[in-house]
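Q: In the UniProt record's numbering, the protein residues as written are 1 to 217. Let me begin by handing over the structure; questions about it come next.
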């Protein structure tokens, strides 16, 4: 699970044609993302379903786990690898009951208490943030690096950092203990997606190497 969270793409289809969106998904998978979350807040259920089927064909061909944002029904309908839920969705335990023991369950957490509850109820990993300002969730309260580290240390579940993460701030997570970073606009808006993904992968590997060094010391 920890390796799968390393470079975690969360999609945003704003201002993109369907064809361009699918091209970006393909190029990101080719480039080496380790997990993809399909996030469709504005789509109808049928639109989400049809798009998810197309995305799944791509992710399956590259063995990239496909996570569906919030929608347990879509996850089950297309047999995605898992679902990620926030505070306003079904309870974690009920989501686990619905998707079964084998699918991946990610949960957003801003506090240690929320993280421990999610772990107890069946979460496989936590998404913690937003760490930096983000255009996808403009009203969200930022999570400090200290709060992030506290959740990593006390909950003891794999954690992916989320929110406003870009090429120039990935190394700020060195020593934090996170399993990976969640990227949105840095990939979705990139002019050269494969080149961008390769650079981000290199930075994540460097971040993790510094984690190893800091723990050894």
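Just so you know, even glycine gets a beta-carbon here, dropped at the ideal spot from N, CA and C.
(1) So residue 182 is in the beta strand (DSSP E); what residue range does that whole segment cover?
(2) Per the DSSP calculation, residue 123 is bridged to which residue(s)?
(3) If you compare alpha carbons, which of 46, 152, 33 is closest to residue 67?
(4) Since I believe residue 52 is in contact with residue 80 (beta carbons under 8 Å), could you give me their beta-carbon distance rounded to a whole number of angstroms?
(5) So the candidates are 189, 55, 113, 109; which of them puts its Cα closest to the Cα of residue 88?
(6) Counting beta carbon pairs with one atom in the region 160 to 174 and one in the region 19 to 30, are three or more of them shorter than 8 Å?
(7) Roughly how many whole angstroms lie between the Cα atoms of residue 7 and residue 206?
(8) Would the region 175 to 192 and the region 149 to 166 be scored as touching if the rule is three or more Cβ pairs under 8 Å?
(9) If you run the structure through DSSP and keep just helix, strand and coil, what is residue 215?
(10) Classify residue 101: buried if its beta carbon has 16 or more other beta carbons within 10 angstroms, exposed otherwise.
(11) From this set, 128, 36, 44, 72, which residue's C-alpha is nearest residue 57's C-alpha?
(12) Between 131, 151, 141, which lies nearest to residue 116 when the distance is taken from Cα to Cα?
(13) Can you tell me whether DSSP reads residue 177 as helix, strand or coil?
(14) Select from 143, 84, 105, 77 the residue whose C-alpha is nearest the C-alpha of residue 111.
(15) According to DSSP, what are the bridge partners of residue 130?
(16) Can you check DSSP and say which residues form a bridge with residue 150?
(17) Under the three-state reduction of DSSP, which class applies to residue 162: helix, strand or coil?
(18) Report, in whole angstroms, the separation of the C-beta atoms of residue 204 and residue 31, which I expect to be a contact under 8 Å.
(19) Would you mind reading off the limits of the beta strand (DSSP E) that contains residue 62?
A: Let me lay it out:
(1) 180 to 183
(2) Answer by DSSP bridge pairing: none, since residue 123 is not bridged.
(3) 33
(4) 7 Å
(5) 109
(6) no
(7) 12 Å
(8) yes
(9) Residue placement at residue 215 cannot be trusted, given a pLDDT of 43 that sits under 50; what the coordinates show is reported in the next sentence. In the structure shown, residue 215 sits in a helix (DSSP, three-state: H, G or I).
(10) exposed
(11) 36
(12) 151
(13) coil
(14) 143
(15) Its beta-bridge partners do not exist; DSSP assigns none.
(16) Answer is none; residue 150 lacks a bridge partner.
(17) strand
(18) Contact doesn't hold; Cβ gap of about 12 Å is too wide.
(19) Run containing residue 62: none; DSSP gives neither H nor E here.
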